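Please read the structure below before turning to the comments.
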Amino acid sequence: MFEYNFSVTIQLLTECIYFVTNTKNHMMDPLQINDFTPSRDRQKLLREQEVLDQVFQLLKAPFMPRQGVTEIGPLLSSLSDLSEGRNEVFKTMFQLCYSLLRYSQVSYRKNQEFLAEKFGQIQEQIGHDLLAEDTMTAVLHNNPKLLEKYVKTPHVERFVELIVIVKDYRFLDYLADLCVCRGEANKKVQELICNSVLSEKHRDILMETKLVRVAFFMHQLDLLAQMCQEQQYLAIDPPPERKLLNISQQLPAELVLKCMSDARLPCEVRASFARLMLHLHVVRGSPLNAIRHARLWTDIPVEVKLQSFSYKITSLEGYSDGGRARVGDQFATDVCPSFSFTKPILKNDAASVANNKLTYEMVTLAKALAQFGYYMFDNLLTLTENLLNIVDNSPYSPQTAHSVSQGMSMIHRVTQSMIGSGSRKLCDGPIMRNSEKSNIEDSGQAKESRQLLVKTKLTVAEILQVRFSGDYESSIRFQMIKNMPFQFVMDVRRDYRITMALSWFKKNFPCDENGVLSRTANINERMAHELYETIYQSKCGHELHLDCSDGQLLLAILMQVSLLEFG
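Just so you know, my numbering puts the end of the sequence shown at 571, numbered straight through with nothing missing.
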């Protein structure tokens with residue numbers, strides 16, 4: 005009778021999971037239902053009929069004394085008993101309970117609040133492979149109000165404690181997920197995590213780790229990047245009185261650049277270093293403001309050269325570099341390329357997930373370098389052309405391969421210039437292939453690879469500020485980086501052309517300091533044609549094409565993005 009009751013309980017929990025997820029195939033593993041459309045009516049029914057209350061009672065029952073003629077001890081004395089083989093049935097029951105709770109809250113605010121009020125009980129059972137931590141983070145995911153209201157220091161300390169004890173990178177991911185909500189940093193939770201992870205008690209978790217367990221180390225880097233996102237000063241440069249570990253000193257820009265450029269490391273690790281470089285060292289101060297086209301006549305140069313044109317000096321105001329040690333925009337000429345590709349690097353197959361991830365992070369880094377003013381105008385145009393070649397899906401050609409290699413090398417050189425550490429050779433060996441087989445199905449990897457491809461192309465489009473029609477966020481099912489608030493490359497290019505036109509007028513129609521023309525202006529059709537030739541048909545005019553092919557490559561890539569399958 006005892007075993008029968010357990011089998012009935014497990015079957016009942018399984019049926020509840022099938023019910024709330026509206027799963028027709030009852031042969032499916034109830035713990036592995038990932039893609040389903042939530043039914044709010046069914047979720048509401050579970051809460052209002054107190055099924056969820058009974059689940060929480062069931063999670064406590066094995067540890068409670070049993071009532072009878074004489075009081076009998078509990079079935080389990082502690083959670084550690086669940087690791088014993090004879091208690092496997094309890095572990096299965098607990099996993100089904102937490103899976104049911106997790107499915108019941110998907111996209112349903114009231115159930116999320118109900119579960120958040122039970123975080124105290126859930127937290128006690130974290131770290132025993134019961135899916136308690138998955139349930140907790142699922143409730144908090146993309147939920148800023150619940151994050152600020154319910155996540156306290158004890159919750160963070162519990163995850164950190166489990167990192168020390170279990171050494172499982174999943175708990176690093178849970179902390180990283182708490183740092184950012186809907187693509188934006190949650191400052192309050194970030195501070196809680198920084199105060200715990202970077203304290204003297206726990207700092208060895210992140211810094212005194214040998215590169216033996218590559219996956220664990222990679223997830224450490226991801227957590228650090230999330231902690232630094234949106235210029236969180238407690239992670240980047242904490243005040244001395246807080247006695248927190250200074251990540252900027254422990255991982256200086258020179259070291260991060262060397263690691264993200266080391267082709268001997270797996271692509272996933274290099275992608276994590278590139279992301280850390282972005283949030284720890286590049287995003288400081290304020291981004292460039294909008295280009296202002298108005299200017300004084302006296303400030304207009306008589307001669308305009310592409311290589312010497314500086315939009316940051318003539319056309320920007322109110323820019324702050326956040327106190328960074330900048331060395332100008334000179335490139336280190338003898339730095340080896342970060343990449344050495346001989347074919348187009350963006351593919352949508354399952355085997356290219358890691359490579360696409362690295363490419364996406366490098367393109368995102370290039371976007372930030374442009375956004376925070378590290379490029380001179382001629383380099384910005386070169387970057388644009390190279391980025392278009394990187395994301396182009398056209399058939400392979402040696403010219404495209406050369407442009408791809410140049411593009412990746414340029415991103416590296418600008419980052420090197422930002423650091424100001426001088427020229428140095430970086431290793432340029434063959435990329436190591438990760439010998440470990442992923443547990444994810446090939447179909448899932450292919451889908452992730454397609455999503456990374458789309459994200460990379462749209463990031464390039466954001467650098468160019470090309471406007472798309474349609475709601476891509478819902479189509480590709482992930483949150484895209486928000487559009488920058490200024491027409492970046494397009495505005496700079498327009499500003500350069502305006503400067504060329506004004507310079508032509510100043511040269512052909514000189515005036516004194518009072519603005520009086522030296523001779524009568526006589527603008528005719530010939531002069532208008534000369535002005536057109538100067539701006540659009542001269543060597544400088546042709547260099548302003550974003551792809552050196554009269555916009556044809558840009559148009560082709562926009563068509564590629566439009567025809568992509570976003571599923």
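Where a beta carbon is used, it is the ideal one built from N, C-alpha and C, also for glycine. Treat the numbers as computed from the prediction; the structure is a model and nothing was measured.
The DSSP-derived three-state label of Leu228 is helix.
Here Cys515 is bridged, per DSSP, to Leu521. Rounded to whole angstroms, the separation of the alpha carbons of Cys20 and Met31 is 14 Å.
At least 8 Å separates the beta-carbon of His132 from that of Leu176. Take Val260, set aside five residues on each side of it, and the residues of its chain with a beta-carbon closer than 8 Å to its own are Phe277, Leu280, Met281, Leu284, His285, in chain order. In the DSSP assignment, the residues bridged to Ile76 are Arg70. The closest CA to that of Lys191, considering only Val218, Gln230, Ile167, Ile169, is found on Gln230. Rounded to whole angstroms, the separation of the alpha carbons of Cys263 and Cys271 is 11 Å.
When Met563, Tyr364, Arg454 are compared, the shortest CA-CA separation from Thr463 is found for Tyr364. For Thr13, the enclosing alpha helix (DSSP H) begins and ends at 6-25. Relative to the Cα of Arg523, the nearest Cα in the group Ile197, Asn512, Tyr173, Leu292 belongs to Asn512.
Counting along the chain, Ala136 sits inside the alpha helix (DSSP H) bounded by residues 136-144.
Val306 is positioned such that its CB atom lies no closer than 8 Å to that of Met504. No Cβ-Cβ contact shorter than 8 Å links Leu63 with Gln116. Val184 is bridged by DSSP to Ala189.
Pairing Lys510 with Ala298, the inter-Cα distance amounts to about 15 Å. Residue burial annotation: Lys156 is exposed, with fewer than 16 other C-beta atoms found within 10 angstroms of its C-beta. For Val306, the secondary structure class from DSSP, reduced to helix, strand or coil, is coil.
DSSP places Arg162 in the uninterrupted alpha helix (DSSP H) bounded by 157-170.
The C-beta separation of Phe381 from Val496 comes to about 6 Å, placing the pair in contact by the 8 Å criterion. Around Ile539, the same chain offers Arg501, Met504, Ala505, Gly545 as residues with beta carbons nearer than 7 Å, after the five sequence neighbours per side are excluded. Per DSSP, the unbroken alpha helix (DSSP H) holding Ile126 starts and ends at 123-128. When only Cα atoms are considered, Leu384 and Val493 end up about 8 Å apart. A direct Cα-Cα distance of roughly 50 Å separates Gln236 from Gly519. Tyr379 is the residue among His145, Ala219, Tyr379, Leu362 whose C-alpha sits nearest the C-alpha of Pro291. For the set Arg174, Pro158, Val160, Val110, the Cα lying nearest the Cα of Asn146 is the one of Val110. Relative to the Cα of His159, the nearest Cα in the group Gly187, Leu56, Leu16, Asn199 belongs to Asn199.
DSSP places Glu88 outside any alpha helix (DSSP H), giving it a letter other than H or E. For a cut-off of 8 Å, the C-beta gap from Asn528 to Leu456 is around 55 Å, too long to register as a contact.
Counting the other CB atoms within 10 Å of its CB gives Asp226 a total of 16 or more, which places it among the buried residues.
Annotation for Leu50: the continuous alpha helix (DSSP H) segment containing it runs 44-52. Between Leu248 and Leu196, the CB-CB gap reaches or exceeds 8 Å. Distances from the CA of Leu50 to each of Leu104, Met97, Asn9 were compared; the closest alpha carbon is that of Leu104. For the pair Gln556 and Asp499, the Cα-to-Cα distance works out to about 22 Å. Leu144 and Leu182 have their C-alpha atoms some 7 Å from each other.
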